[in-house]
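Asker:
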Amino acid sequence: MEGIPDSAPSYKPQLILSGHKKSIASVKFSPDGNLLASAAADKLIKIWDATTGDIIQTLSGHSEGISDVAWSAHSDYIASASDDKTVRIWSLDDASVKTLRGHTNFVFCVNYNPRSNLLVSGGFDETVRVWDVARGKSLKVLPAHSDPVTAVSFSHDGTLIVSCAMDGLIRIWDADSGQCLKTLVDDDNPMCSSVSFSPNSKYILASTQDSTIRLWNYQTSRCVKTYTGHTNRTYALVATFSTTGGQYIVSGSEDAKIYIWDLQSRQVVQTLEGHKGPEISSISYLAHPTRNLIASSSMEKDLSIRLWSDE
Amino acid sequence: MNTSLLNPFNITYPTAVQASLPSQCTLARFDRSGRFVAAGRSDGSAAIWDLETRAAVRWLEGHVKGITSVDWSRNSRFVLTSSKDWNAIVWDLASDIDPPQRRTTIRFDAPVSSASFHPRNSQIILALLQSGDAYLVDLRKKHRGRVELEEAHDDSDEESSTSPRSAMTVAHFDPTGRHIFVGTSTGSILVFNTRTKTIVARHKIPGAGVMKGFDFAKSGRRLVTNSSDRTLRQFTLPIYPPPIADRECTEQELEPTHRFSDPINRTAWHAMSFSPDGEWLAGGAADPASHKIYIWDIANDGQLASTLDGGREPLIYVHWHPSKPSIVSTTNHGNILIWHCPSPERWGAFAGGFEEVDENVEYEEREDEFDIVNLSLIQSYLFEEDESVLAKRKMRQEEEEVDILTGKDAEEDIVDHLRFNGDEDDFFWADDEPDEDERGWRMKIVMEDDDMI
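Quick mapping for you: the protein sequence lines, in order, are chains A and B. For the first sequence, counting from 1, position 122 maps to 122 in the UniProt record's numbering; every step adds exactly one. For the second sequence, counting from 1, position 365 maps to 365 in the UniProt record's numbering; every step adds exactly one.
(1) Run through chain B and tell me which residues come within less than 7 Å of residue 134 (chain A), C-beta to C-beta.
(2) Kindly indicate which three-state DSSP category residue 12 (chain A) falls into: helix, strand or coil?
(3) Relative to the alpha-carbon of residue 204 (chain A), which residue among A:30, A:220 and A:11 has its alpha-carbon at the smallest distance?
(4) Between the beta-carbon of residue 273 (chain B) and the beta-carbon of residue 282 (chain B), is there less than 9 Å?
(5) Name the chain A residues whose beta carbon is nearer than 9 Å to that of residue 353 (chain B)?
(6) Within the continuous beta strand (DSSP E) that includes residue 261 (chain A), where are the two ends?
(7) In chain order, which alpha helix (DSSP H) runs of at least 4 residues are fully inside the UniProt repeat "WD" (100-141) of chain A?
(8) Taking any Cβ of chain B, which residues in the stretch 197-217 of chain A have a Cβ under 9 Å from it, in chain order?
(9) When DSSP labels each residue in this structure, what does residue 265 (chain B) get in the three-state scheme?
(10) Write down the C-beta distance between residue 466 (chain B) and residue 46 (chain B) rounded to the nearest angstrom, noting that I regard them as a contact closer than 8 Å.
(11) Among the candidates B:5, B:325 and B:359, whose CA atom is the shortest distance from the CA of residue 14 (chain B)?
(12) Once the 5 residues before and after residue 258 (chain B) are set aside, which same chain residues still bring their CB inside 6 Å of it?
(13) Under the assumption that residue 17 (chain A) contacts residue 48 (chain A) (Cβ atoms under 8 Å), give the Cβ distance between them as a whole number of angstroms.
(14) Please return the same chain residues whose Cβ sits closer than 8 Å to the Cβ of residue 75 (chain A), not counting the five positions on each side in sequence.
(15) In the DSSP assignment, what are the bridge partners of residue 252 (chain A)?
(16) Where residue 141 (chain B) and residue 195 (chain B) are concerned, what is the direct C-alpha to C-alpha distance, given to the nearest angstrom?
(17) From the beta carbon of residue 9 (chain A), is the nearest beta carbon of chain B less than 9 Å away?
(18) Pull up the distance between the alpha-carbon of residue 289 (chain B) and that of residue 261 (chain B), whole angstroms please.
(19) Can you pull the chain B neighbours of residue 224 (chain A), defined as C-beta to C-beta under 9 Å?
(20) With distances taken between CB atoms, is the gap from residue 239 (chain A) to residue 196 (chain A) smaller than 9 Å?
(21) Residues of chain B with CB closer than 7 Å to the CB of residue 124 (chain A), please, in chain order.
(22) Between residue 4 (chain B) and chain A, is any beta-carbon pair separated by less than 9 Å?
(23) If you follow the alpha helix (DSSP H) that residue 431 (chain B) is part of, which residue opens it and which one closes it?
(24) Over the uninterrupted beta strand (DSSP E) stretch that includes residue 22 (chain B), give me the two end residues.
(25) Taking only the alpha-carbon atoms, compute the straight-line gap between residue 123 (chain B) and residue 259 (chain A) and give it to the nearest angstrom.
(26) To the nearest whole angstrom, what separates the beta carbons of residue 48 (chain B) and residue 58 (chain B), a pair I think is in contact under 8 Å?
(27) Helix, strand or coil for residue 54 (chain B), going by three-state DSSP, please let me know.
(28) Considering just the uninterrupted stretch of the beta strand (DSSP E) at residue 312 (chain B), what are its terminal residues?
(29) Would you mind giving the Cβ-Cβ distance between residue 60 (chain B) and residue 81 (chain B), rounded to the nearest angstrom? I have them listed as a contact below 8 Å.
(30) For residue 389 (chain B), name the three-state secondary structure that DSSP assigns.
(31) Is the stretch 146-166 of chain A touching the stretch 299-313 of chain B, taking contact as three or more C-beta pairs under 8 Å?
(32) Out of A:264, A:256, A:263 and A:261, state which residue places its alpha-carbon closest to the alpha-carbon of residue 273 (chain A).
(33) My assumption, with CB atoms under 8 Å, is that residue 197 (chain B) sits in contact with residue 128 (chain B). Please give the rounded CB distance.
(34) Let's see if you can read the secondary structure: which residues bound the beta strand (DSSP E) around residue 252 (chain B)?
(35) Could you give the distance in angstroms between the alpha-carbon of residue 208 (chain A) and the alpha-carbon of residue 360 (chain B)?
(36) Hey, would you say residue 252 (chain A) sits closer than 9 Å to residue 9 (chain A), going by beta carbons?
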């Protein structure tokens, strides 16, 4: 039948990684699929082996908690966004660190462009900043929103930037000129938790704190798919695409479960239970192009990262 | 991706300087993706500029005298520089270090005035020497060699060495790489087949004088020449037959479709460049006191569309961006000017659902549009009805399949779309032993040391 997948995913718990002392804010697989980076309120970034779950490296240096991490396209650098108002770039090859200063308040989100020569970050100073990675200098400051910026990222060809904020707006920017090209807004203006481009950058996936995830066609400014069933009222939960086996949307939920929807039919096809904490704070994207792997982390009380696989 | 959201009516030719990069360089060329500019300096060094960060990301230190030309391989991994120090160097930007590794150094016995890659294979290199000789250097294992391009021996019976040979002053591949076009000091264009290195045609251009430069429209069918008579000429090229051993080369006079010159000041031209769609031609004026780029509208009978004024620093070189209305020009003070077509800020884009209007529009409201009626009772009834209908409609609309994957890797292959009738041998020959210029190569980001902490 149309819209119903031939076989639903069956993710099973595979590994539980523990080490962080405070709430984990972000977990991300490296683009080559070998490593997993996690950042937490305990000011540390930990690098894990994505297959064995062994801890490989702990990066310390931030003076406040960390909200987000991002991998460079070559899996050789990690950028982190922290409440100490800085973005740091960590080299995994030679352990060097570069600090990007400029944000005047907590930095909340960070991402590389596909060539990894630029970084984009957003934070509680309501700006989006574009950075020259090689020189560590700010290239652009976009007066982007009127509330803290919760997510920002590049399109797959690096020509567009999408940002969203607690003001409920999703804005699309021309990466070269820094001009605002479009603003998407839902009628009720719910706070926006996360936003990202689809793999081909033709759509935008946005989750909002009215417990809804929407897929937007930004050309026509029309919402083409809505995913509901989970709970998202308080935290900036991340929703991502999963395309390694079938096409799914994956998101955490404040009922401590992970929800998996079929992209086309918008039906919940699996929920993953296991986290003890009250809320799941984040879900990373699925790593390896050939592996069906989900990493999840949750808020205080349950300080573990869980890996789920469907192989 | 951004082109779909930008105003399509802006895309014509650049009008204003967007950035000035101090680089001490004399010539600068975009790569074929338009992300980088290679800039050559008169002290023998060259730099690769990243246009996204507007910073030099690689320094090419190898020549000891001025750089005379720079060229990019089709996927931008290799850069070819030629210099007055008798060398041409191929640089590999995929090497992890800065300065990047040299892949090859090719030594000649005279200053090199230009060198270019074959458009399909960067191991085939065309070099022109200041002595007026052109060489085709093949670095491939099977074809290794260096062949001098020689004008046909149609007068070989009567001791060709006695007749004064005209010097070659320009040498370029056409965009397919199938032919080499050579300009001479006596105002001729010689066309060689790249594979056989034999001459296939000779065009005499009356009144042109010494040939100074060539540029091809992307399609390869149109050529513009610069010559010492201070006129740019555009030609529509004939289709050249495949080379046959004892066929005489075609002698043909070509009549330019357009002539571009400055009738008042009679300025000469330093360089010229077609726009990516071939509809515009930019000419860099050799004016000693100003920086002027002339833009001609070729689709509109070649009339002058605009003169761009870049200030007081005289112009040296001009190159058009491979896909955008953007130009790079260099000044004799050593600055690179990046020209762009500024698009006005659309404030309407900041507010979802709003539209900007050019002038005031008197709004005609519908009869009951802004009526204040206490509808609380009716509303609750109507609303419910409405909502369920709306929700149903919305559900139906959302049944439509979305495609989130297609187009992810879609990048136009710049060279391969140029297919030519007839002789495929030329392509097979050029594609034999492909270079390592794969599309997926990446330039490592070299981070400057952090002086803090």
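Note that the Cβ used here is the ideal one computed from N, Cα and C, for glycine as well.
Answerer: According to the data block:
(1) Along the first sequence, read from residue 1 onward, the residue named residue 134 (chain A) stands at position 134. What residue 134 (chain A) touches in chain B: 53, 55, 57, 445, 446, 447 and 448.
(2) Stepping through the first sequence from its first residue, residue 12 (chain A) is reached at position 12. In the structure shown, residue 12 (chain A) adopts extended strand secondary structure according to DSSP, grouped into three states.
(3) Counted from its first residue, the first sequence places residue 204 (chain A) at position 204. Here the closest residue by C-alpha is A:220.
(4) By 1-based counting over the second sequence, the position of residue 273 (chain B) is 273. By 1-based counting over the second sequence, the position of residue 282 (chain B) is 282. Going by C-beta atoms, residue 273 (chain B) is nearer than 9 Å to residue 282 (chain B).
(5) By one-based count along the second sequence, residue 353 (chain B) stands at place 353. Contact of residue 353 (chain B) with chain A by beta-carbon distance below 9 Å involves 183, 185 and 221.
(6) Position 261 of the first sequence holds residue 261 (chain A). Here the beta strand (DSSP E) through residue 261 (chain A) covers 257-262.
(7) Segments of the alpha helix (DSSP H) lying fully in the UniProt repeat "WD" (100-141) of chain A: there are none.
(8) Interface annotation for the stretch 197-217 of chain A against chain B: 197, 198, 199, 200, 201, 202, 203, 205, 215 and 217, criterion Cβ-Cβ distance under 9 Å.
(9) If you number the second sequence from 1, residue 265 (chain B) lands on position 265. Three-state result, residue 265 (chain B): coil.
(10) Nothing about residue 466 (chain B) can be reported from this structure: the residues present for chain B run from 1 to 453 only.
(11) What you label residue 14 (chain B) is simply residue 14 of the second sequence in a count that begins at 1. For the set B:5, B:325 and B:359, the Cα lying nearest the Cα of residue 14 (chain B) is the one of B:325.
(12) To locate residue 258 (chain B), count along the second sequence from 1; it is residue 258. Correct list, in chain order: 234 and 302.
(13) The count along the first sequence starts at 1 and reaches residue 17 (chain A) at position 17. The count along the first sequence starts at 1 and reaches residue 48 (chain A) at position 48. By a beta-carbon distance limit of 8 Å, residue 17 (chain A) contacts residue 48 (chain A). Their separation comes to about 6 Å.
(14) In the first sequence, the residue the question calls residue 75 (chain A) occupies position 75. Once the five neighbours on either side are set aside, the close Cβ partners of residue 75 (chain A) are 30, 31, 32, 34, 35 and 92.
(15) Walking along the first sequence from the start, residue 252 (chain A) turns up at place 252. In the DSSP secondary-structure assignment, residue 252 (chain A) is bridged to A:258.
(16) Here the question's residue 141 (chain B) lines up with position 141 in the second sequence. Here the question's residue 195 (chain B) lines up with position 195 in the second sequence. Each residue's alpha carbon lies about 15 Å from the other.
(17) Stepping through the first sequence from its first residue, residue 9 (chain A) is reached at position 9. For residue 9 (chain A), the answer is no, since every Cβ of chain B falls outside 9 Å of its Cβ.
(18) Position 289 of the second sequence, counted from the first residue, corresponds to residue 289 (chain B). Position 261 of the second sequence, counted from the first residue, corresponds to residue 261 (chain B). About 18 Å.
(19) Numbered from its first residue, the first sequence carries residue 224 (chain A) at position 224. Within chain B, the residues near residue 224 (chain A) are 397, 398, 400 and 402.
(20) One-based indexing of the first sequence puts residue 239 (chain A) at position 239. One-based indexing of the first sequence puts residue 196 (chain A) at position 196. Yes, they are a contact pair.
(21) If you number the first sequence from 1, residue 124 (chain A) lands on position 124. Correct list: empty, because the minimum Cβ distance to chain B is about 20 Å.
(22) In the second sequence, the residue the question calls residue 4 (chain B) occupies position 4. Chain A, which has a Cβ nearer than 9 Å to the Cβ of residue 4 (chain B), makes this yes.
(23) Mapped onto the second sequence, residue 431 (chain B) falls at position 431. Note, residue 431 (chain B): alpha helix (DSSP H), 425-431.
(24) For this step, residue 22 (chain B) is matched to residue 22 along the second sequence. From DSSP, the beta strand (DSSP E) with residue 22 (chain B) extends over 16-22.
(25) Taking the first residue of the second sequence as 1, we reach residue 123 (chain B) at position 123. Taking the first residue of the first sequence as 1, we reach residue 259 (chain A) at position 259. C-alpha separation (whole angstroms): 53 Å.
(26) For this step, residue 48 (chain B) is matched to residue 48 along the second sequence. For this step, residue 58 (chain B) is matched to residue 58 along the second sequence. The distance from the Cβ of residue 48 (chain B) to that of residue 58 (chain B) is about 4 Å, consistent with a contact at the 8 Å cut-off.
(27) Position 54 of the second sequence, counted from the first residue, corresponds to residue 54 (chain B). For residue 54 (chain B), the secondary structure class from DSSP, reduced to helix, strand or coil, is coil.
(28) Your numbering for residue 312 (chain B) matches position 312 in the second sequence. For residue 312 (chain B), no beta strand (DSSP E) segment is defined, and its DSSP state is neither H nor E.
(29) On the second sequence, position 60 is the one that residue 60 (chain B) refers to. On the second sequence, position 81 is the one that residue 81 (chain B) refers to. Sure, about 6 Å apart at Cβ, within 8 Å.
(30) On the second sequence, position 389 is the one that residue 389 (chain B) refers to. The three-state reading of DSSP puts residue 389 (chain B) in helix, counting H, G and I together.
(31) Contact fails: fewer than three Cβ-Cβ distances are below 8 Å.
(32) Along the first sequence, one-based indexing puts residue 273 (chain A) at 273. Closest by alpha carbon: A:256.
(33) Translated into the one-based positions of the second sequence, residue 197 (chain B) becomes position 197. Translated into the one-based positions of the second sequence, residue 128 (chain B) becomes position 128. Their Cβ separation, rounded to whole angstroms, is 15 Å, which puts residue 197 (chain B) and residue 128 (chain B) out of contact at 8 Å.
(34) Counted from its first residue, the second sequence places residue 252 (chain B) at position 252. Element bounds for residue 252 (chain B): 250-253.
(35) Locating residue 208 (chain A) in the first sequence gives position 208, where the first residue counts as 1. Locating residue 360 (chain B) in the second sequence gives position 360, where the first residue counts as 1. Near 36 Å, if we compare the C-alpha coordinates of residue 360 (chain B) and residue 208 (chain A).
(36) The residue given as residue 252 (chain A) occupies position 252 in the first sequence. The residue given as residue 9 (chain A) occupies position 9 in the first sequence. Not in contact: residue 252 (chain A) and residue 9 (chain A) (Cβ atoms no closer than 9 Å).
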